[in-house]
Each structure stands twice: as structure tokens, then as C-alpha cells.
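Asks: Using this note's numbering, the letters of the sequence shown correspond one by one to residues 15 to 157. Yeah, the Cβ is synthetic: ideal placement off N, Cα and C, and Gly gets one too.
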Amino acid sequence: MPRKAFSTPPSGGPSQRQLRAGELVRHALVEILAREDIRDPDLAGAFVTIAEVRISPDLKHATVFASLLGAADSAPAIVALNRAQAFLRGQLARRIELKFTPDLHFRLDESLEEAARIDRLLDMPHVRQDLASEARNSGAEDD
15 MPRKAFSTPP SGGPSQRQLR AGELVRHALV EILAREDIRD PDLAGAFVTI
65 AEVRISPDLK HATVFASLLG AADSAPAIVA LNRAQAFLRG QLARRIELKF
115 TPDLHFRLDE SLEEAARIDR LLDMPHVRQD LASEARNSGA EDD
């Protein structure tokens, strides 16, 4: 049975086409945010970090995971980015070559906070002790 050219992989994850389009959009948005003047007080002088862009299978919708570098609260910036999405989409259309320019939906990127939380958990004394005893036990089984 022949495979479709743009079918979803058996794993259920994004296709190569979605991944390439997401990276294309991410790079273009980084350039737009660095070079264009977005007249919004919540974004004035802000350094926006785009961690990931997830594209829908039809390439018409993009979820952009963003945060403000060094800001305690990035939520107002995410609201401002969603307000500026029409402007950003217009700029994006000029920079990328896709059949459709995706609608942009900005969400707060919480991956750095989650990584810090996991580091704090792994640094707790009783967790370190459990990890050390697990390593000793697995080392004894290898002998």
C-alpha cells in the first residue's frame, strides 16, 4: 500500500513538513521581532525569545511559544504579541515562501521554568540520596 506524500507519521508527532515550516516561521519571527518596530508599550525595549513554533498539519495555524528574556512576568508580552499578530503575520508573509501564511497564536513558553523546577527537585537531599542508591544498585547488577 503506497504512503501518502504528506501523511502524519505513525508516531502521531509532527511531520517533516510541519517541522520545516515551523522552523521557517520561527526564524522569520525572530528576525521580525529583532528588526521591526512594534509600537506596543508592553513590548517596548523587550527581548522576546521564540523557543518553538508548532504548525498545524494544514499549515494554516501556528502556535508560537515565546517569553521575555530576563522578565519576571512574560504574560503581558504574550497578550501584546497576540494583539500584534496581524502586523506580525503581514511581515511574515513578506519573508517566507509558503502557500498560506499561518495564523499566529502566541503562548507563554514555560520550558525554562519547568527545567529549573526539575533541577530544584533533583537537587533535594533525599532525591540525591535515592538517585545515588539507585546508581549503586544498578552497578551491582551489572557485575
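Are the beta-carbon atoms belonging to V93 and L43 less than 9 Å from one another?
Replies: no
Asks: Report the start-end ranges of each alpha helix (DSSP H) in the region 74 to 113 that is 4 residues or longer and not cut off at the edges.
Replies: 89 to 97, 99 to 109
Asks: So R103 and D117 are supposed to be a Cβ contact under 8 Å. How far apart are they, rounded?
Replies: 7 Å
Asks: Which residues in the same chain have their Cβ closer than 8 Å to the Cβ of A98, if we skip the five residues on either side of it in sequence?
Replies: I52, D54, L57
Asks: Can you grab the Cα-Cα spacing for the pair L47 / L38, in whole Å?
Replies: 14 Å
Asks: With 16 other CB atoms within 10 Å as the buried threshold, where does S88 fall?
Replies: buried
Asks: Do I64 and R34 count as a contact pair if the criterion is CB distance below 9 Å?
Replies: no
Asks: Note down the Cα distance separating E45 from L83, rounded to an integer number of angstroms.
Replies: 16 Å
Asks: Have a look at L145 and L106 and give me their C-alpha separation to the nearest angstrom.
Replies: Rounded to whole angstroms, L145 to L106 spans 47 Å at the Cα level.
Asks: Just the C-alpha distance for S81 and H140, rounded to the nearest angstrom, thanks.
Replies: 33 Å
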